[in-house]
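In this note's numbering, the protein residues as written are 166 to 320.
C-beta atoms are modelled at their ideal positions from N, C-alpha and C, and glycine is treated no differently.
Here the structure is a predicted model, which is why all the values come from computation and not from measurement.
One structure below.
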Amino acid sequence: MYRTLRTGSPRKTLSLVGLFSGTTRVPRSLQDLDEAAKGRLTASMKSRQFRGEFGDLVIDGDELILVGLGDRKKLDADAIRRLGGRLVKALHAAEIRGVSVELHRTVSSPDPDGLGQALAEGMGLANWRVDFFDGKATTRSAASNALALTSSDAQ
Numbered sequence: 166m167y168r169t170l171r172t173g174s175p176r177k178t179l180s181l182v183g184l185f186s187g188t189t190r191v192p193r194s195l196q197d198l199d200e201a202a203k204g205r206l207t208a209s210m211k212s213r214q215f216r217g218e219f220g221d222l223v224i225d226g227d228e229l230i231l232v233g234l235g236d237r238k239k240l241d242a243d244a245i246r247r248l249g250g251r252l253v254k255a256l257h258a259a260e261i262r263g264v265s266v267e268l269h270r271t272v273s274s275p276d277p278d279g280l281g282q283a284l285a286e287g288m289g290l291a292n293w294r295v296d297f298f299d300g301k302a303t304t305r306s307a308a309s310n311a312l313a314l315t316s317s318d319a320q
């Protein structure tokens, strides 16, 4: 797991975007990201690994993370927390240190701050572990690095 999760401006970030199940084309709100990534969002959407189901995850190179949001009607704060938990584990496994969270581009929410808070809560809870009592014989790997989170929506 990560040693720390923080907000800030990391040197290098991957854009985290989410798509609902049944999405067949890149939404208008993401077209600029797709163009900047030279069509990699479109390619990731069409890959066999991604169907838009809740928790589907495709890390495409060093520019893009595509996550499935599932059914639009079932997406609530608890689902976003679960998504944050899955996400932090996958990011750590891929040794990613900086993410620009762009979920606000596809998830319309009456409380955008609540959306960010729920994602951060899920990531923090999934990243938490008690290692105070780990001794020399422990087989768990030590926490490493930090994950910096930012967003184009940050104020």
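Close CB contacts of residue 175 within its chain, under the 6 Å cut and outside five residues either way in sequence, are with 263 and 313 (chain order). Going by C-alpha positions, residue 181 is about 12 Å away from residue 248. In summary, residue 298 is exposed, with fewer than 16 beta-carbon neighbours lying within 10 Å of its beta-carbon over all protein chains present. Annotation: residue 245 is outside any beta strand (DSSP E); the continuous alpha helix (DSSP H) that includes it extends over 242 to 258.
Per DSSP, the unbroken beta strand (DSSP E) holding residue 225 starts and ends at 222 to 225.
By the neighbour-count criterion, in which 16 or more other beta carbons inside 10 Å mark a residue as buried, residue 232 falls on the buried side. Excluding its 5 nearest sequence neighbours in each direction, residue 187 has C-beta neighbours in its own chain below 7 Å: 217, listed in chain order.
The beta carbon of residue 230 is closer than 6 Å to those of 179, 181 and 224 in its chain, skipping five residues each way along the sequence.
If you draw a straight line from the Cα of residue 257 to the Cα of residue 193, it is about 30 Å long. In the three-state scheme derived from DSSP, where H, G and I count as helix and E and B as strand, residue 208 is classed as helix. With 16 or more neighbouring CB atoms inside 10 Å of its own CB, residue 183 falls in the buried class. Between residue 275 and residue 301, the alpha-carbon positions lie close to 49 Å from each other. Per DSSP, the unbroken beta strand (DSSP E) holding residue 184 starts and ends at 179 to 185. Secondary structure of residue 190 (DSSP, three-state): coil.
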